[in-house]
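Residue numbers (our numbering): 136 to 579.
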Ligand code: GTP
Ligand code: MG
């Protein structure tokens with residue numbers, strides 16, 4: 136449809152017509168109800184509060200059943216989220232209820248990061264929903280929606296003020312989930328102290344800019360009760376599944392040596408107010424707020440992060456196709472850049488390795504030359520030694536010949552002059568020195 140047609144169509148005056156008889160589209164709300172009932176509902180509650188504050192007891196009391204619960208240890212090294220899903224039925228309405236416990240909350244010495252696993256869990260549920268929405272074949276109709284609809288924040292009944300951990304955690308969560316603060320184990324705090332405690336908590340929340348869930352006052356049917364209840368926040372609750380006989384009635388209560396605290400007695404605690412507001416009056420609003428406010432914020436930030444916009448810089452509607460093309464080009468450019476970077480890195484590495492190898496080769500060559508020189512030197516020395524030895528051997532041989540000649544001469548002389556024997560003998564023994572003088576060398 137062209138833009139001008141569209142403008143004309145939207146500017147056309149609407150006319151009211153009376154119907155001639157019953158047509159039947161007044162059954163549309165009933166059709167909606169019937170469809171929703173068949174489909175069933177899901178509701179997800181996140182319980183945040185320190186270990187043993189009464190989270191499980193309150194859940195059991197709220198839904199009047201016994202959910203599987205085990206005591207959490209006080210020695211968890213970090214906060215851990217534990218979701219449990221139950222199928223509940225009341226009349227013909229099916230409710231898929233998920234209770235998520237922040238196990239180990241407040242138990243670590245360093246609590247700086249305590250809020251992080253909770254935020255991450257909430258974001259993961261939003262992300263899962265967004266991924267389902269973005270699928271080509273999406274099945275949101277029977278999708279198990281695990282997004283957190285409400286966070287019941289259990290405040291320790293100190294009677295003083297909120298802890299910084301409470302303020303930091305609530306501040307981190309308030310843009311992601313509907314927070315309903317409740318004062319746990321309210322039977323441990325006196326009436327006057329409770330009144331002051333409530334005022335203190337609310338003023339601290341306001342001064343720290345923490346946005347808690349406000350029961351809606353725009354629907355006339357519930358505006359009055361909701362605005363009254365907003366003034367009662369934070370609800371001071373008592374939980375118990377124990378039944379005690381009061382008068383001739385069995386009521387859920389906590390029994391003490393001095394008396395009985397009745398859970399459903401509005402002058403004893405705000406349990407009934409909490410149940411009314413959470414389950415009977417505002418459950419659908421909590422689901423709606425989760426979708427239209429918190430999820431929408433997450434989705435918007437996520438899509439903007441991915442580069443999607445509603446309008447381009449000239450305020451023209453932004454085309455999905457164009458965004459996709461731009462992103463694709465950016466991605467391919469980035470890919471090419473990375474590829475080039477890696478190729479360059481590879482070339483550099485090869486060059487480096489080559490240089491290293493060359494250096495090693497040069498070193499080896501030098502070593503070889505050095506060894507060669509040493510070897511030649513040794514060889515020269517050995518040669519010299521050999522020559523010397525040969526010379527000595529020659530000298531020795533010459534002396535030997537001389538000695539033998541002298542010997543034979545002396546033998547001849549002895550045979551001719553026997554009387555001169557002793558004298559000749561003496562000459563013979565003094566011969567070596569004579570010989571050495573002749574040869575010019577001394578034999579050892
Ligand atoms: P973890 O899951 O282990 O963190 O504990 P939790 O927060 O679920 O507490 P749980 O409901 O197990 O209760 C712990 C103890 O507190 C039990 O002994 C309960 O009986 C007691 N308790 C629960 N609710 C109340 C309450 O409203 N007032 C008082 N005085 N005690 C309560
Ligand atoms: Mg528990």
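Just so you know, even glycine gets a beta-carbon here, dropped at the ideal spot from N, CA and C.
Inset, instruction - Just the C-alpha distance for residue 223 and residue 257, rounded to the nearest angstrom, thanks. - result: 23 angstroms
Legend entry - Residue from 337, 308, 396, 429 with nearest C-alpha to residue 323: 396
Inset, instruction - Alpha carbon to alpha carbon, how far is residue 213 from residue 445? Give it in angstroms, no decimals. - result: 40 angstroms
Inset, instruction - Using the DSSP secondary-structure output, state which residues sit across from residue 221 in a beta bridge. - result: 232
Inset, instruction - Indicate whether residue 321 and residue 388 have their beta-carbon atoms separated by less than 8 angstroms. - result: no
Legend entry - Contact set for residue 303: own chain, Cβ-Cβ below 7 angstroms, skip 5 residues either direction: 250
Legend entry - Inside the stretch 235-315 only - beta strand (DSSP E) runs reaching at least 3 residues: 285-290
Legend entry - Distance cut-off 7 angstroms: residue 299 Cβ against heavy atoms of the ligand MG: no
Inset, instruction - Could you please give the first and the last residue of the uninterrupted alpha helix (DSSP H) stretch that includes residue 397? - result: First-last for residue 397: 394-397, but that is the beta strand (DSSP E), not the alpha helix (DSSP H).
Inset, instruction - Taking 8 angstroms as the threshold, find out whether the stretch 216-234 comes into contact with the stretch 310-318 through three or more Cβ pairs. - result: no
Inset, instruction - Pull up the distance between the alpha-carbon of residue 375 and that of residue 227, whole angstroms please. - result: 27 angstroms
Inset, instruction - Output the distance between the C-alpha atoms of residue 407 and residue 328, rounded to the nearest integer angstrom. - result: 21 angstroms
Inset, instruction - Specify the secondary structure class of residue 430 as computed by DSSP and reduced to three states. - result: helix
Inset, instruction - Using the Cα positions of residue 278 and residue 264, report the straight-line distance between them to the nearest angstrom. - result: 9 angstroms
Inset, instruction - Could you check what DSSP says for residue 321 in three-state terms: helix, strand or coil? - result: helix
Legend entry - Residues proximal to the ligand MG by C-beta, any heavy atom closer than 7 angstroms: 190, 191, 204, 206, 207, 236
Inset, instruction - Would you list the residues sitting across from residue 167 in a DSSP beta bridge? - result: According to DSSP, which records beta bridges pairwise, residue 167 is partnered with nothing at all.
Legend entry - Those residues which DSSP pairs with residue 182 across a bridge: 236, 287
Legend entry - Distance cut-off 7 angstroms: residue 320 Cβ against heavy atoms of the ligand GTP: yes
Inset, instruction - Run the proximity test for residue 234: is its beta-carbon closer than 7 angstroms to any non-hydrogen atom belonging to the ligand GTP? - result: no
Legend entry - Contact under 8 angstroms by Cβ, residue 286 with residue 254: no
Legend entry - Contact belief for residue 466 with residue 412 at Cβ below 8 angstroms, rounded distance in angstroms: Contact flag wrong, Cβ pair sits at about 48 angstroms.
Inset, instruction - Report the rounded CA-to-CA distance for residue 383 versus residue 414, giving the unit in angstroms. - result: 28 angstroms
Legend entry - Where residue 466 falls: helix, strand or coil (DSSP): helix
Legend entry - Where the beta strand (DSSP E) containing residue 422 begins and where it ends: Premise fails: residue 422 lies in the alpha helix (DSSP H), 418-424, not in any beta strand (DSSP E).
Inset, instruction - From the DSSP output, in three-state form, read off residue 150 for me. - result: coil
Legend entry - Beta-carbon proximity list for residue 337, same chain, < 8 angstroms, skipping 5 on both sides: 368, 369
Inset, instruction - For residue 390, write down the residues that DSSP places opposite it in a beta bridge. - result: 395
Inset, instruction - Could you tell me the boundaries of the beta strand (DSSP E) in which residue 378 lies? - result: 378-381
Inset, instruction - State the Cα-Cα distance for the pair residue 244 and residue 339, rounded to the nearest angstrom. - result: 24 angstroms
Legend entry - At least 3 beta-carbon pairs within less than 8 angstroms: the stretch 183-194 vs the stretch 413-427: no
Inset, instruction - Could you tell me the boundaries of the alpha helix (DSSP H) in which residue 360 lies? - result: 355-365
Inset, instruction - Figure out for me which residue from 259, 242, 252 has the closest Cα to the Cα of residue 186. - result: 242
Legend entry - residue 532 burial status per 10 Å Cβ neighbour count (16 or more: buried): exposed
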